[in-house]
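One structure is given below, encoded as structure tokens.
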Amino acid sequence: MPFGERYPPLIEFVQRFLEVDRDMGLPQQSTTAWRAALEYNLIQLLAEVAPSHADSQVFFSNSGAEAIEGAIKFVKAFRPAAPYILNFTGGYHGKTYGALSLTPNEEYQAPFRPLMANVVTVKFGDIEAFRTEVDQLGGNNIAGVFLEPIQGEAGVIIPPRNFLEQLGAICEHYGIVIVADEIQVGLGRSGYHFASIEWGGLEPDIITLAKPLGGGIMPVGATIARRDIYHTMLGGLSSKRHSSTFGGNSLAMAVGLKSLELLLENNLAARSRRLGAKSLERLVTIQQRHEHLFEAVRGMGLLLALEFRPVVGPKAAPVQRELIDELSGLLGLLTLHKAGVHANLSLNAKRTIRLTPALNIPEPLLDELLDRVERSADHHAWAVEMLTATAPKTLYGLTRLARGV
Ligand SMILES: Cc1ncc(COP(=O)(O)O)c(C=O)c1O
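Under the working numbering, the first residue of the sequence shown is numbered 7, with each subsequent residue one higher.
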């Protein structure tokens, strides 16, 4: 949510759009001006930091997972003879079938096996492990690599700074298509419009965007691909090889364009970087004062993570570990919620709670948010205190939730 709930300029824009334009302009009928304008502006923004993308093209869809599905097909169509796709431990790309195949999480994958074949998972942030895997499989056998420049659902995992750049060099050598999934961190959340490029020094071939592109009120996904990649799959008579009824509709494109305008006019990426640095400093201080409660804090822009310690000590049997981790995260979330802080669980890191304030959050409100985090930490200086301070009925409910019953 880049602008928080019901951001007046966006709501007013949508109301006016519905009064004035009223035409959904589905792309099957025509390429609308709204769609063309959003594509043009996205590409301009991208080309400012990656000039080689100046003639790239965009396939619009309706969610992050769909943007990834599009990217999988682009990769496969472009390198049909290369069977393998690489992804990374901790990565999250969505839960539709293809995206799920690239999301290495037992809980989500196990019930749906067999998934897409020939996906090989490499340790995130470890360039030697990546090099070894490429050598073993043979670079020419690898169609593409999917990565988040900073992993969001893994609990805000920031790789070593030169990891992405080195990965880029290896992929370029073999022509491996690089897909940077910027769905969570892109367009400002991480403090950059394109974190892989501006922070990581990587020039991906395909970039996926979603979440903030719809301003938090409209489902919009985008798969940006280099022109040759785009055309191999969708050029000329092949243009029907991938499609979506509502992908690229006028209302979604208009909202996307307005969101982009609001992000840029208010300089929200730079603001996110500045406020994020300040917030992280504060969280580090809180963590140092409460090491018994927080195992770690991390952050990049206004994507902040609090990793809670397990509420039950290390003596617990390994089979209970998952349950305890889940319960620890839920208790952390509940504790923050009681302090008035609306936070997020992390889908691939059970004990990590993310703070993702609106990028336009008034600064005093952000300070208040951090004050409240601190106050709730003062109140529960040890993780186990969150457990003992919770009413048995609530605890029972959370345990059932954690066990999935
Ligand atoms: C990096 C990343 N990719 C893909 C997705 C999937 O997006 P959606 O939930 O819109 O399908 C997410 C959602 O959290 C994400 O964080």
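We treat Cβ as the ideally placed atom computed from N, Cα and C, and that holds for glycine.
Residue j and residue i - do their beta-carbons sit closer together than 8 Å?
{"i": "Gly197", "j": "Met306", "result": "yes"}
{"i": "Leu289", "j": "Leu312", "result": "yes"}
{"i": "Ser107", "j": "Ser250", "result": "no"}
{"i": "Ala364", "j": "Ala228", "result": "no"}
{"i": "Phe80", "j": "Ala231", "result": "yes"}
{"i": "Leu353", "j": "Glu154", "result": "no"}
{"i": "Gly174", "j": "Glu209", "result": "yes"}
{"i": "Ile176", "j": "Arg137", "result": "yes"}
{"i": "Glu369", "j": "Leu281", "result": "yes"}
{"i": "Gly192", "j": "Leu170", "result": "no"}
{"i": "Ala216", "j": "Gly10", "result": "no"}
{"i": "Phe65", "j": "His99", "result": "no"}
{"i": "Ile156", "j": "Leu16", "result": "no"}
{"i": "Ser58", "j": "Ile49", "result": "no"}
{"i": "Ile182", "j": "Ile148", "result": "yes"}
{"i": "Met392", "j": "Val317", "result": "yes"}
{"i": "Asn272", "j": "Asn366", "result": "yes"}
{"i": "Val125", "j": "Glu139", "result": "no"}
{"i": "Ala53", "j": "Ala42", "result": "no"}
{"i": "Asn93", "j": "Pro117", "result": "no"}
{"i": "Gln172", "j": "Ile133", "result": "yes"}
{"i": "Glu301", "j": "Phe314", "result": "yes"}
Quick test of your reading: residue i and residue j, contact by CB under 8 Å. State the CB separation rounded to the nearest angstrom.
{"i": "Arg233", "j": "Met239", "result": "So it is not a contact: roughly 12 Å between Cβ atoms."}
{"i": "Ala349", "j": "Ile359", "result": "5 Å"}
{"i": "Ala105", "j": "Glu75", "result": "6 Å"}
{"i": "Leu299", "j": "His386", "result": "6 Å"}
{"i": "Arg195", "j": "Leu309", "result": "5 Å"}
{"i": "Leu269", "j": "Pro8", "result": "6 Å"}
{"i": "Thr214", "j": "Ala88", "result": "So it is not a contact: roughly 20 Å between Cβ atoms."}
Of all the options the options, which has the alpha carbon lying nearest to the alpha carbon of residue i?
{"i": "Leu336", "options": "Asn273, Leu401, Asn272", "result": "Leu401"}
{"i": "Leu143", "options": "Arg304, Tyr90, Leu353, Ala275", "result": "Tyr90"}
{"i": "Trp433", "options": "Phe94, Glu154, Arg295, Thr362", "result": "As shown, the chain starts at 7 and ends at 411. That puts residue 433 outside it, with no answer to give."}
{"i": "Arg85", "options": "Tyr180, Ala201, Leu342, Ala323", "result": "Tyr180"}
{"i": "Tyr114", "options": "Val126, Lys129, Gly96, Ile78", "result": "Gly96"}
{"i": "Arg378", "options": "His343, Gly282, Lys356", "result": "His343"}
{"i": "Glu374", "options": "Lys321, Val347, Leu32", "result": "Val347"}
{"i": "Ile212", "options": "Leu193, Ala186, Gly206", "result": "Ala186"}
{"i": "Val162", "options": "Leu286, Gln172, Leu243, Leu24", "result": "Leu286"}
{"i": "Thr405", "options": "Ala355, Leu340, Asp384", "result": "Leu340"}
{"i": "Gly131", "options": "Pro166, Ile223, Gln157, Phe152", "result": "Pro166"}
{"i": "Asp384", "options": "Ala323, Thr291, Arg277, Lys321", "result": "Thr291"}
{"i": "Gly262", "options": "Asp29, Leu44, Val64", "result": "Leu44"}
{"i": "Val226", "options": "Ser265, Leu243, Ser244, Ser202", "result": "Ser265"}
{"i": "Lys356", "options": "Thr362, Ile330, Asn366, Arg381", "result": "Ile330"}
{"i": "Asp27", "options": "Gly241, Asn255, Arg315", "result": "Asn255"}
{"i": "Gly253", "options": "Glu178, Ile235, Gln293, Met30", "result": "Met30"}
{"i": "Ile164", "options": "Ala56, Asn111, Ser202", "result": "Ser202"}
{"i": "Ser278", "options": "Glu134, Leu361, Ser334, Ile235", "result": "Leu361"}
{"i": "Phe23", "options": "Trp40, Val390, Arg304", "result": "Trp40"}
Could you pull the start and end residues of the beta strand (DSSP E) that residue i belongs to?
{"i": "Leu361", "result": "355-361"}
{"i": "Val226", "result": "Element bounds for Val226: n/a, residue is neither H nor E."}
{"i": "Ser352", "result": "350-352"}
{"i": "Phe23", "result": "It is not in any beta strand (DSSP E) - Phe23 instead sits in the alpha helix (DSSP H) that spans 14-26."}
{"i": "Glu301", "result": "300-306"}
{"i": "Leu371", "result": "Not the beta strand (DSSP E): Leu371 falls in the alpha helix (DSSP H), residues 369-385."}
{"i": "Glu11", "result": "It is not in any beta strand (DSSP E) - Glu11 carries neither H nor E in the DSSP assignment."}
Along the chain, where does the alpha helix (DSSP H) that runs through residue i open and close?
{"i": "Tyr98", "result": "Element bounds for Tyr98: n/a, residue is neither H nor E."}
{"i": "Ser6", "result": "In the structure as shown, the chain starts at 7 and stops at 411, and residue 6 therefore has no counterpart that could be examined."}
{"i": "Gly319", "result": "No alpha helix (DSSP H) holds Gly319; DSSP gives it neither H nor E."}
{"i": "Ala345", "result": "Element bounds for Ala345: n/a, residue is neither H nor E."}
{"i": "Leu312", "result": "From DSSP, Leu312 is part of no alpha helix (DSSP H) but of the beta strand (DSSP E) over 309-314."}
{"i": "Arg406", "result": "398-409"}
{"i": "Gly262", "result": "256-271"}
{"i": "Thr238", "result": "233-240"}
{"i": "Thr394", "result": "389-394"}
Length-filtered (4 minimum) alpha helix (DSSP H) runs lying within the segment 50-89: Fully contained in the segment 50-89 are the following alpha helix (DSSP H) runs of length 4 or more, in chain order: 70-84.
Complete runs of the beta strand (DSSP E) confined to the segment 111-151 [at least 3 residues]: Here the runs fully enclosed are 125-128.
Length-filtered (3 minimum) beta strand (DSSP E) runs lying within the segment 153-214: Runs of the beta strand (DSSP E) inside the segment 153-214: 183-187.
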